[in-house]
């Protein structure tokens with residue numbers, strides 16, 4: 143099977159009031175098998191997690207369906223699609239609770255998800271197909 147994506151990367155700013163382990167957990171709730179790196183910026187750190195695992199998007203695939211948000215997810219994926227990258231931002235607290243919420247407005251900033259793919263259309267169709275009355279039609 144042709145690969146749907148090359149790499150998935152998550153990024154978040156972590157502030158002194160936050161527990162970095164909780165932010166890692168929030169990221170892993172969305173995308174498994176992440177390898178983390180931390181970049182110290184003084185007032186905050188930038189936490190990134192990357193994976194090339196074939197199962198990287200399986201959790202988002204399940205969450206989009208379990209939460210019945212395929213249409214919403216599709217519109218955000220399309221909005222964040224540039225060339226060979228799809229970039230979406232999700233709420234950090236919601237992710238910690240194991241939920242996808244595209245309302246990124248939060249004092250602590252969002253988690254940014256970057257999907258690198260040579261076939262963005264095919265990936266979007268698989269991850270969040272168009273629906274009619276909540277049922278996938280693609």
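Residue numbers (my numbering): 143 to 280.
Using N, Cα and C, we set each Cβ at its ideal position, and we do this for glycine too.
Option nearest residue i by Cα separation, candidates the options
| i | options | result |
| --- | --- | --- |
| residue 226 | 263, 233 and 208 | 263 |
| residue 260 | 223, 245 and 277 | 223 |
| residue 158 | 177, 176 and 186 | 186 |
| residue 208 | 243, 161 and 197 | 243 |
| residue 199 | 151, 274 and 275 | 151 |
Burial state of residue i (16 or more Cβ within 10 Å)
| i | result |
| --- | --- |
| residue 165 | buried |
| residue 183 | exposed |
| residue 179 | exposed |
| residue 191 | buried |
| residue 153 | buried |
| residue 277 | exposed |
| residue 216 | buried |
Nearest-angstrom beta carbon gap, residue j and residue i [assumed within contact, 8 Å]
| i | j | result |
| --- | --- | --- |
| residue 269 | residue 205 | Contact flag wrong, Cβ pair sits at about 11 Å. |
| residue 230 | residue 211 | The Cβ separation is near 12 Å, so there is no contact. |
Proximal residues to residue i (C-beta, below 7 Å), its chain only, five neighbours per side dropped
| i | result |
| --- | --- |
| residue 258 | 147, 148, 149, 226 and 227 |
| residue 280 | 267, 271 and 272 |
| residue 214 | 244 |
Cβ shell of residue i (< 8 Å), same chain only, five flanking positions each side left out
| i | result |
| --- | --- |
| residue 167 | 238 |
| residue 201 | 171, 172, 173 and 174 |
| residue 252 | 154, 231, 232, 233, 234 and 246 |
| residue 177 | 191, 192 and 193 |
Cross-strand partners of residue i (DSSP beta bridge)
| i | result |
| --- | --- |
| residue 191 | 152 and 178 |
| residue 223 | 228 |
| residue 274 | 277 |
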